[in-house]
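*Asks:*
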Amino acid sequence: DVSHNQIGDDGAEALSQLTRLTYLNISSNQINAAGATALSELTGLTILEIGYNKIGPDGAEALAKISGLKTLNVGSNLIGDAGAAALSNLPSLTSLNVASNYQIGDAGVTALSNLPSLTYLNVANNNQIGDSGKRELDKLSKRGIRVLY
């Protein structure tokens, strides 16, 4: 757990050398897309907490290369619909927090609703979600997926 240390992208680059990591909490560290790209080298990660950074959609796309992720927190990262769509390609993801990205809307929710292993989804505080997105979230709830919005 190296959260709240302001390590930035250079610190993320250094951590990317720890190839045996399966868990990493790097929340609140001023990580941008470059840092997320470096962290995407950690292909053994199953749990990644990277909330409260600024990885954006490009960073989300980089993290989507870690195909074994089961739990991912990218809350408060400005990933938008494009980032959500990239994350929808993670086949093993069971728990996803994309809360407080403020730019995720119907298209992002629709993409995330296709995650095959999902059991928990937090999309709270994404004020672009409209009626069609809410219908998708309701469908997920009816399938037994715990949804927060």
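What the sequence shown shows, in the numbering used here, is residues -9 to 139, in sequence order.
From the three backbone atoms N, C-alpha and C, an ideal C-beta is built for every residue, glycine too.
No experiment lies behind these values; they were computed from the predicted model shown.
1. Sort K124, L108, T109 by Cα distance to N115 and report the nearest one.
2. The beta strand (DSSP E) that contains V64, what's its start and end?
3. Taking the continuous alpha helix (DSSP H) assigned at L83, which residues delimit it?
4. State the beta-bridge partners of V137 as determined by DSSP.
5. Note the first and the last residue of the continuous beta strand (DSSP E) segment covering L14.
6. Go ahead and label N104 buried or exposed: buried means 16 or more other beta carbons lie within 10 angstroms of its beta carbon, across all protein chains shown.
7. How many whole angstroms separate the CB atoms of I141 and S17, which I take to be in contact at a CB cut-off of 8 Å?
8. Are the beta-carbon atoms belonging to V88 and G120 less than 9 Å from one another?
9. Is the separation between the beta-carbon of G49 and that of G34 shorter than 9 Å?
10. Check whether the Cβ atoms of Y110 and I69 sit closer than 9 Å, and answer yes or no.
11. Using C-beta distances below 7 Å, list every residue in its chain close to L59, excluding the 5 sequence neighbours before and after it, in chain order.
12. Tell me whether L141 sits in a helix, a strand or coil according to DSSP, three-state version.
13. Relative to the C-alpha of Q93, which residue among V137, G46, L62, L130 is closest?
14. What are the start and end residues of the alpha helix (DSSP H) that includes E3?
*Replies:* Working from what's here:
1. Position 125 of the sequence shown holds residue 115. Cα-wise, what sits closest to N115 is K124.
2. Residue numbering aside, residue 64 sits at position 74 when the sequence shown is read from its first letter. Taken as a continuous stretch (DSSP letters only), V64 belongs to no beta strand (DSSP E), as it is neither H nor E.
3. Indexing the sequence shown from 1 puts residue 83 at position 93. L83 -> no alpha helix (DSSP H), and no H or E assigned at all.
4. Here residue 137 is taken as the residue at index 147 of the sequence shown, counted from 1. DSSP lists L111 as partners of V137.
5. Taking the first residue of the sequence shown as position 1, residue 14 is located at position 24. Run containing L14: 13 to 15, per the beta strand (DSSP E) assignment.
6. Your numbering for residue 104 matches position 114 in the sequence shown. N104 comes out exposed.
7. Because the chain in this structure spans residues -9 to 139, residue 141 falls outside the shown range and cannot be described.
8. Within the sequence shown, the letter at position 98 stands for residue 88. Within the sequence shown, the letter at position 130 stands for residue 120. No; because the gap between Cβ atoms is not below 9 Å, this pair is not in contact.
9. Taking the first residue of the sequence shown as 1, we reach residue 49 at position 59. Taking the first residue of the sequence shown as 1, we reach residue 34 at position 44. No.
10. As a position in the sequence shown, residue 110 is number 120, starting the count at 1. As a position in the sequence shown, residue 69 is number 79, starting the count at 1. Cβ atoms of Y110 and I69: not closer than 9 Å.
11. By one-based count along the sequence shown, residue 59 stands at place 69. Taken in chain order, the residues that qualify are L35, T36, L38, L80, S82, L83.
12. The question about residue 141 has no answer here: the residues shown for the chain are numbered -9 through 139.
13. Translated into the one-based positions of the sequence shown, residue 93 becomes position 103. Among V137, G46, L62, L130, the Cα nearest to that of Q93 is on G46.
14. The residue you call residue 3 lines up with position 13 of the sequence shown. Its alpha helix (DSSP H) spans residues -2 to 5.
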